[in-house]
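*Asks:* For the sequence shown, my numbering begins at 331 and goes up steadily by one.
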Amino acid sequence: MRHLVLTILLALLAAAPLRADDSAVRDVIAGQIDAFRAEELGRAYGFASPFIQEKFRTPETFGRMVREGYPMVWRPSEVTFLEAREIGGKLWQEGFLRDASGRGWIAEYEMVEVDGQMRINGVRIREAPEQAV
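1. For the ligand HEM, I want to know if V403 counts as a neighbour, meaning its beta carbon is within less than 7 Å of at least one of the ligand's heavy atoms.
2. Under a three-way DSSP split, which group does F488 fall into?
3. What are the boundary residues of the alpha helix (DSSP H) that G393 is part of?
4. Do M441 and Q423 have their C-beta atoms closer together than 8 Å?
5. Assuming A374 and S407 are in contact, meaning their beta carbons sit under 8 Å apart, how far apart are those beta carbons, in whole angstroms?
6. Over what stretch of residues does the beta strand (DSSP E) that includes F377 continue unbroken?
7. For R433, which three-state DSSP category applies?
8. Would you report the Cα separation of D352 and A437, rounded to the nearest angstrom?
9. Report yes if the C-beta distance between R449 and F377 is below 8 Å; otherwise report no.
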C-alpha cells in the first residue's frame with residue numbers, strides 16, 4: 331500500500347504543470363532587454379540557456395543576431411508582459427513589444443530552468459494585432 335501511495339504521489343508531481351515564479355521569469359526577460367539597450371552583450375548572453383549559448387558561441391555573435399534579426403527585442407520602445415503558460419511541457423512567457431517605428435509585436439519567450447535559475451531558450455515573434463495592448 332505504501333508503494334502505491336508513493337507511486338501516485340510521484341505521478342501527480344510529474345503531471346503538475348511546469349510553472350516558475352512569474353516575477354523571476356519576467357526579471358530574466360527584462361534583464362536581457364535592459365542589457366541589449368545598454369549594449370552589454372556579455373550580460374545579455376548570460377540570460378540565455380546553454381542551448382542558445384552553444385548555438386551562438388560568443389556574446390558578440392549572439393548580439394549581432396538579435397540586433398539584425400530582432401530589432402524589436404534589441405531596442406523596444408515599450409515592453410508589457412502578458413500571460414505565462416505551459417504548452418507541451420514548456421513554459422512560455424508572452425510579452426508585447428513596440429519597436430522604434432511604433433509597430434507592435436508579440437514575443438513568446440520559451441523559458442527553461444538551469445541550475446535553479448530561469449533562462450531564455452528561444453523567442454518567437456509575430457506582429458501584434460492593432461488592438462493588442
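The beta carbon of each residue, even a glycine, is placed where N, CA and C say it ideally should be.
*Replies:* So, to answer that:
1. As for the ligand HEM, it is missing from this structure, which has no ligand bound.
2. With the chain covering 331 to 463 only, the question about residue 488 has no answer from this structure.
3. Here the alpha helix (DSSP H) through G393 covers P389 to G399.
4. Closer than 8 Å, so yes.
5. Between the beta-carbon of A374 and that of S407 there is about 18 Å, and that puts the pair past the 8 Å contact cut.
6. Counted as a single uninterrupted DSSP element, the stretch harbouring F377 is not any beta strand (DSSP E), since DSSP gives it neither H nor E.
7. When secondary structure is reduced to three states using DSSP, R433 falls in the coil class, being assigned neither helix nor strand.
8. So the two alpha carbons sit approximately 16 Å from each other.
9. Yes; because the gap between Cβ atoms is below 8 Å, this pair is in contact.
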